[in-house]
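Notes to accompany the following structure.
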Amino acid sequence: MQVWIQLEDAKFLAPIFSNLKELHLQEIFPGCDLKWTLLYLEAAPFLNSLYVKISRHICGLNRLQCIAEKTNLLREARDFKHHSLNYVEIQGFQPEQTLISYTRLVMGRAVNLKRIRLRCKDECERCDRVRERAGAPMRSAWSEEEKNLVRAQIVRGFSPSSIELIMDDMDLVCIDNWFLVEI
1 MQVWIQLEDA KFLAPIFSNL KELHLQEIFP GCDLKWTLLY LEAAPFLNSL YVKISRHICG
61 LNRLQCIAEK TNLLREARDF KHHSLNYVEI QGFQPEQTLI SYTRLVMGRA VNLKRIRLRC
121 KDECERCDRV RERAGAPMRS AWSEEEKNLV RAQIVRGFSP SSIELIMDDM DLVCIDNWFL
181 VEI
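For the sequence shown, counting from 1, position 50 maps to 50 in full-length UniProt numbering; every step adds exactly one.
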């Protein structure tokens with residue numbers, strides 16, 4: 001079921017989201033500050049899984065940019081702890097400061113987090129055709145330098161734990177007890 005919800009204070013959303021176990025937030029434009037998503041996390045105390053999909057489709061970019069100009073809502077994240085969230089997936093992840101900061105923010109709130117999956121690719125066959133027609137280069141895997149930078153930025157300042165950090169195009173590595181797994 002798809003539902004459109006206007007941003008409200010968490011106390012107003014709590015009766016609606018109180019028993020929610022899984023939340024999918026989709027078609028979020030690149031560059032959007034994702035702090036507003038924590039409002040839903042706060043309103044859903046029994047949420048187990050959070051899926052965030054950043055739309056990086058070049059085949060529909062103009063449509064999303066038009067929407068983005070109207071809906072880039074910045075919300076300050078309140079300081080709270082979430083005790084049920086154990087899985088977060090961000091599709092369309094790129095090594096951008098906004099997404100690295102958001103990942104760290106969720107890690108700090110979700111005290112029982114077990115796994116984070118950061119998926120890079122979110123393009124379709126239509127995007128490939130647009131790239132091909134424009135003569136644009138196809139996307140390539142991250143370099144080792146980019147991988148190491150992203151790893152370091154995400155885990156910096158957190159005490160080692162058993163959070164499994166899964167990143168597309170990454171090799172299996174263990175940094176203290178942070179696991180990076182290739183899918």
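The beta-carbon is built from N, C-alpha and C at its ideal position, and this holds for glycine as well.
For I100, there is no enclosing beta strand (DSSP E); the enclosing alpha helix (DSSP H) covers residues Q97 to R109. Inter-residue distance for I166 and K114 is about 11 Å (C-alpha atoms, whole angstroms). Residue R56 holds the alpha-carbon nearest to the alpha-carbon of R119 among R56, D79, L23 and G108. Here DSSP, grouped into helix, strand and coil, assigns I16 to helix.
For Q94, there is no enclosing alpha helix (DSSP H), as DSSP marks it with neither H nor E. E125 and E132 have their C-alpha atoms some 10 Å from each other.
Taking 8 Å as the cut-off, the Cβ atoms of L50 and V88 count as close. Going by C-alpha positions, T37 is about 28 Å away from A141. Boundaries around I28 are those of the beta strand (DSSP E), E22 to I28, since no alpha helix (DSSP H) includes it. Of the candidates E144, V155, S143 and A134, V155 places its Cα closest to the Cα of Y102. When DSSP reads this structure, V52 sits in a beta bridge with L25 and I90.
Per DSSP, I163 lies in no beta strand (DSSP E) and is assigned neither H nor E.
For the options D79, E96, Q91 and V130, the alpha carbon positioned closest to that of V106 is the one of D79.
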